[in-house]
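Visitor: Below: one structure in structure tokens.
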Amino acid sequence: NDLKLDKVKYQQRIFEDRINDTINNAIAELKEFDPIIVSRVERDIAGHSVLIENATLEGFSNIYASRIRLGGLITWTLDLVIEIGRITSSTEHWKVDGPTVYGDGDA
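Position 99, counted from 1, in the sequence shown is what the numbering used here calls 102; the numbers after and before it change by one each time, with no gaps.
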């Protein structure tokens, strides 16, 4: 019976590694776009005209899956911790023109 228990634990560790690799590969895809730079976005959202120019979003390089652990024998539970770190954003110019929200500014 101990051999069966060891086999289940071994399978859990393999599954944990696969989940960890999958998440870290997805994060690696995001890191290729770090930082995201948007030169200009202009949208109409719920009757509000929104303009954003020269916006930057960065910090994806700080993301990693720090702990993935499966527990239990019959029913597995997944304990997943993803460390996001610091994500920052900035914009050079923004403007919102609408009936309830309005304003503009430069950074």
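Virtual Cβ for every residue (Gly too), placed ideally from N, Cα, C.
All figures in this text were calculated on a predicted structure; none of them were measured in a lab.
#1: Spell out a yes or no on whether the region 57-64 and the region 93-100 are touching, meaning 3 or more CB-CB pairs, one atom from each, closer than 8 Å.
#2: Report the rounded CA-to-CA distance for tryptophan 97 versus phenylalanine 18, giving the unit in angstroms.
#3: Starting from serine 93, follow its DSSP beta bridges and name the residues at the other end.
#4: From the DSSP output, in three-state form, read off valine 11 for me.
#5: Identify the residues that DSSP records as bridge partners of leucine 83: which are they?
#6: Pull up the distance between the alpha-carbon of arginine 89 and that of serine 64, whole angstroms please.
#7: Tell whether a beta-carbon distance below 8 Å holds between glutamate 32 and serine 42.
#8: Check whether the Cβ atoms of glycine 101 and glycine 50 sit closer than 8 Å, and answer yes or no.
#9: Based on the DSSP output, what are the partners of lysine 98 in its beta bridges?
#10: Pick out whichever of Tyr67, Ile22, Ile39, Gly74 has its Cα sitting closest to the Cα of valine 11.
Guide: Let me spell this out:
#1: The region 57-64 is in contact with the region 93-100.
#2: For this step, residue 97 is matched to residue 94 along the sequence shown. For this step, residue 18 is matched to residue 15 along the sequence shown. If I take the Cα positions, the gap works out to 46 Å.
#3: Numbered from 1 along the sequence shown, position 90 holds the residue referred to as residue 93. Serine 93 is bridged to Thr59.
#4: Along the sequence shown, one-based indexing puts residue 11 at 8. Valine 11: helix per DSSP, three-state reduction.
#5: Against the sequence shown, residue 83 aligns to sequence position 80. DSSP output for leucine 83 lists Ile71 as bridge partner(s).
#6: For the purposes of this step, residue 89 is identified with residue 86 of the sequence shown, where counting begins at 1. For the purposes of this step, residue 64 is identified with residue 61 of the sequence shown, where counting begins at 1. The straight-line gap from Cα to Cα measures roughly 9 Å.
#7: For this step, residue 32 is matched to residue 29 along the sequence shown. For this step, residue 42 is matched to residue 39 along the sequence shown. In this structure, glutamate 32 keeps its C-beta atom at 8 Å or more from the C-beta atom of serine 42.
#8: As a working mapping, residue 101 is identified with position 98 in the sequence shown. As a working mapping, residue 50 is identified with position 47 in the sequence shown. Result yes, Cβ atoms of glycine 101 and glycine 50 sit closer than 8 Å.
#9: Here residue 98 corresponds to residue number 95 of the sequence shown, with the count starting at 1. Lysine 98 is bridged to Leu54, Asp107.
#10: Stepping through the sequence shown from its first residue, residue 11 is reached at position 8. Closest by alpha carbon: Gly74.
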